[in-house]
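K.L.:
Mind looking over this structure? Questions follow.
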Amino acid sequence: MEKEQKQFAERLEQKGVSRRDFMKFCTFLTATMGLSSSFVPKVAEVFAAPKQRPPVIWLHFAECTGCSEAVLRSMYPWIDQLVLEVLDIAYHETIMAASGYQAEENLHMAMKKYEGKFICVCEGAVATKFNGGYGKIAGRTFQEIAKEVVPKAAATIAIGQCACFGGIQAAKPNPGGYVSVEEATGVKTIKIAGCPPNPINFVGTVVNYLLLGKLPALDHLGRPLFAYGKTIHDQCPRRAHFENDEMVEEFGSEEAAKGWCLYMMGCKGPETYNNCPIVKFNDGTSWPVEAGHGCIGCSEPNFWDKYTPFYEML
Amino acid sequence: MRSVEDAVGVQIPDNARIIRNLLHGAQYQHDHIVHFYHLHALDWVDVVSALKADPKQTATLSENVSNAPWGGATYYKNVQARLQTFVDSGQLGPLNNAYWGHSAYKLPPEANLMATAHYIEALRLQAKAARMHAIFGAKNPHLQSLVVGGVTSVKDLTPDRIAEFLYIWKETQDFVKNVYIPDLLAVASFYKDWGAIGGTTNFLAWGDLPTTNQEPESLFMPRGVILKRDLAGVKMAQQESVTEHVTNAWYEDGAPKHPYKGETKPLQEDPEYRPGGGKYTWFKAPRYEGEPCEVGPLARVLVAYAKGHPDVKAAVESTLSNLGVPVQALFSTLGRTAARGLDALVIGNAMEGWVMELVDNIKNGNTATYASWEMPDSAQGVGLNDVARGSLGHWINIEGGKIANYQYVVPSTWNLGPRDEKGNLGPVEEALIGTPIADPKRPLEVLRTVHSFDPCIACGVHVIDPDSNEVYKVKVL
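Given below as structure tokens:
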């Protein structure tokens, strides 16, 4: 045991991670996931040195790559650790060095080699109208690709509003007939909702899977409860202003400068389930309400249709 | 946002202008670093060759060419060991099955190891740099503090927030100066032949970063258009001269239209690609006075250089003399890649002054970040600026207080758009003509030019071998 711990510490050092940094990250992640602190050492083990890194096939459909970008901003752990030491990102169009035939080959090889064992991450919505013709990669429709790959995965994570619920291309009039990955494939997906979601919620879900061998508890829409269990409103640091009826009625006003409640400016916090006020974004730097802007409800289904105009009161 | 502000006639406060400039500036720094290291470098850097490098010699090389804060034989030994562990695992992840060992890779193993180490450092740096956006913009990606009339982050105009911004700016700009630019020059010195490959003809920049409320006069990166590579003939660009063509795009046919009159009517069918003719893309073909134009860092730098922008002029001249190449070498894949670095350098350097301007305003009691406005019943407006990938224009028509028409022409449409009704090629297509390809089945050289435009798309490219006339479909990702 002692020997193992020593080796573990050495491995960490080789990776340029001090033990203190590593435990800080594990504690942060454990807290985000709502696990008790006794889990901290186990989280550490998951990230220390898996015998085989869990394979990930990351598919892109109709999307803006903002969710991939969000994951690139991961600091707990750093993205280079995620890619080099934690996961085996066997296919990801943005970061992979291979192109063309070789890229396609990577997808097919990984699918075959890890059938039933890989985590499939889907970013983007799937076109269904005109035989799915509005969205194609290498001559095949998103629909064909999703139907081939998703059922072979151990679990599928839909990352972002588009893969979860269809996103902006599914907003009216939805010319391409875009739908969520779940609707396109008939396979239940775990939904890391948001536009884009906080990378900590993606990483937390993956850790849960690696640590407990199962996916975290989900709400009725398929979103992990550790992240999407409470409304923005219930966790909002400006909640007291709402209760006291202290409202911002115009940007640039004295009330806005005082940091009063943004409900009348169209904040969708009361109906939106997410942990933004608690974990915040980019290493806990800020989140929309802190920057003086209402929540736009980006982790709720079909928010583009449901919550626009954004500046109209709920 | 600018198009609506133009339509409703609101003048945003000075602080809002500065904060937007700081957010844009941070975007240039961030995007260009990510593009160079993570989306483009592996076209020039052979990671597998880095395993053969001698860490001591790499340390010496690194000390000679850069001022990177990391280095020494132990550092490079550790990076190499980390790579070796990764390769030995047999799970090559995103590095699997690329064109490693291709004859077009020219760097010695030590340069490959240095660049690979900086690839990894840049991954961390970019995550930190993105915090600049979160400070005044709530989060990155997808900022959420920008509204018609200004910005909402008035409560972030505090000394601690500004100091935090300044520290991250400094760390990022130190990286640009001490690592990115030296790496760029070191890599470029092995690929000078690329100074004659991959060029285009016309260049458009709407310009960006207004330093007063006068546009386009006060733009830090100026507005202009250069036709037929005539730098001396640079002239002011006019939005009225833009049209979009749909002959080869999957939209209902129609005459070329200015964006105010633009239509977006996708074909109601499965848009098959039919080799040998017909419509073949979702991109419209934007034209300036009927001509295709390259947009992006190279266009921006060329326009600024031609107009005598002192910072840009100095940066361009020192780069050309460092590499010992003539000014014509700018019109190339190498020039485009170098211009991206210089763009980050020049804009990044200017940001410190803008922060100080913000501080002065606050000292003088000016904390306004928003100007109120009213929605007119009917109006039209245009918003022009440059973003990391190039010129961006939004056009809006308002009727009955609602959007009647909205069109935008984005950088990748300019660069990757199809042929127009006269058969004129788009910039990327033009740039690829004459690219030497050592092995048509592994067309690394094509990736270099396509990636150099920083395309915002996974796109299809077709390569024809003139000897075998064999057509290869290559997906550039």
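Chains as they are written, first to last, in our numbering: chain H, 1 to 314; chain V, 315 to 791.
By construction, the Cβ of each residue, glycine as well, lies at the ideal position given by its N, Cα and C atoms.
1) List the residues of chain H that D722/V touches, going by C-beta distances under 9 Å, in chain order.
2) Work out the CA separation of P173/H and P570/V for me, nearest whole Å.
3) List the whole-angstrom C-beta distance separating P611/V from R650/V, where the pair is believed to meet the contact cut-off of C-beta under 8 Å.
4) Please check the pair Y602/V and V560/V, which I expect to be a contact at CB under 8 Å, by giving their CB distance rounded to whole angstroms.
5) How big is the Cα-Cα spacing for W668/V and V742/V?
6) Taking the alpha helix (DSSP H) that H346/V belongs to, which residues open and close that run?
7) In this structure, does DSSP put Q721/V in helix, strand or coil?
8) Does DSSP put V393/V in a helix, in a strand, or in coil?
9) Give a yes or no on whether the minimum CB-CB distance between Q398/V and chain H is below 7 Å.
10) Would T285/H and A448/V qualify as a contact pair, given that the criterion is a beta-carbon distance under 7 Å?
11) With 16 as the cutoff for other CB atoms within 10 Å, does G592/V come out buried or exposed?
12) Assuming contact is defined by CB atoms lying nearer than 7 Å, are G464/V and A330/V in contact in what I supplied?
13) Select from the stretch 169-195 of chain H all residues with a C-beta closer than 7 Å to any C-beta belonging to chain V, and list them in chain order.
14) Looking only at its chain, what residues have a beta carbon closer than 8 Å to the beta carbon of Y505/V, apart from the 5 residues adjacent to it on each side?
15) Report the partner residues of G707/V according to the DSSP bridge assignment.
16) In whole angstroms, give me the CA-to-CA distance for G748/V and V641/V.
17) Which residues, taken in chain order from the stretch 236-252 of chain H, show a beta carbon closer than 8 Å to some beta carbon of chain V?
18) Closest to H220/H by C-alpha separation, out of L87/H, L72/H, L210/H and P301/H, would be which residue?
19) Per DSSP, what kind of secondary structure is C267/H in: helix, strand or coil?
20) Beta-carbon separation of P732/V and N562/V under 7 Å?
21) Quick one: which residues of the stretch 446-462 of chain V get their C-beta closer than 8 Å to a C-beta of chain H? List them in chain order.
22) Checking contacts by CB at 7 Å: is R53/H closer than that to chain V?
23) Any beta carbon from chain H within less than 7 Å of V788/V's own beta carbon?
24) With a Cβ-Cβ cutoff of 7 Å, do F400/V and L84/H count as a contact?
25) What does a CB cutoff of less than 8 Å around A146/H pick up in its chain, not counting 5 residues either side in sequence?
26) Identify each residue in the stretch 331-356 of chain V for which the Cβ-Cβ distance to at least one residue of chain H is less than 8 Å, and report them in chain order.
27) Going along chain H in order, which residues have a C-beta closer than 9 Å to the C-beta of K469/V?
28) Considering only their Cβ atoms, is the gap separating V696/V from Q528/V smaller than 7 Å?
29) Using the Cβ count rule (16 or more neighbours within 10 Å means buried), how would you classify L29/H?
30) Scan the stretch 442-469 of chain V and note each continuous beta strand (DSSP E) run of 3 residues or more that stays entirely inside, going in chain order.
31) Where do the N-terminal and C-terminal ends of the beta strand (DSSP E) with D556/V fall, by residue?
32) Would you check if the distance between the CB atom of Q440/V and the CB atom of G662/V is smaller than 7 Å?
33) Would you give the residue range spanned by the alpha helix (DSSP H) that I200/H belongs to?
34) When burial is assigned at 16 or more other CB atoms within 10 Å of the CB, is K280/H buried or exposed?
35) Using CA coordinates, which residue listed in L337/V, A382/V and L409/V is at the minimum distance from L356/V?
36) Going by beta carbon distance, what residues of the same chain come within less than 7 Å of V379/V, once the five residues before and after it are set aside?
P.N.:
On the basis of the supplied data:
1) Sequence inspection shows Tyr at residue 722/V; the Asp mentioned does not correspond to that position. The contacting residues do not exist; Y722/V stays about 14 Å from chain H at best.
2) 25 Å
3) 7 Å
4) That belief does not hold up - the Cβ atoms of Y602/V and V560/V are roughly 17 Å apart, past 8 Å.
5) 35 Å
6) D328 to V348
7) strand
8) helix
9) no
10) yes
11) exposed
12) yes
13) P175 and C195
14) W358, K420 and L648
15) L698/V and V723/V
16) 20 Å
17) E250, F251 and G252
18) P301/H
19) coil
20) yes
21) H447, A448, I449, F450, G451, A452, K453, N454, P455, H456, Q458, S459 and V461
22) yes
23) With a pLDDT of 44 at V788/V, under the threshold of 50, the modelled position of that residue is not reliable, and no figure is offered here.
24) yes
25) L59, F61, C122, V126, V181, A184 and T185
26) V348, H352, L353 and L356
27) A256, A257, K258, G259, E290, A291 and G292
28) no
29) buried
30) none
31) The question names Asp, yet the displayed sequence has Val at residue 556/V. V556 to H559 is the extent of the beta strand (DSSP E) around V556/V.
32) no
33) P199 to L212
34) buried
35) L409/V
36) P496 and A500
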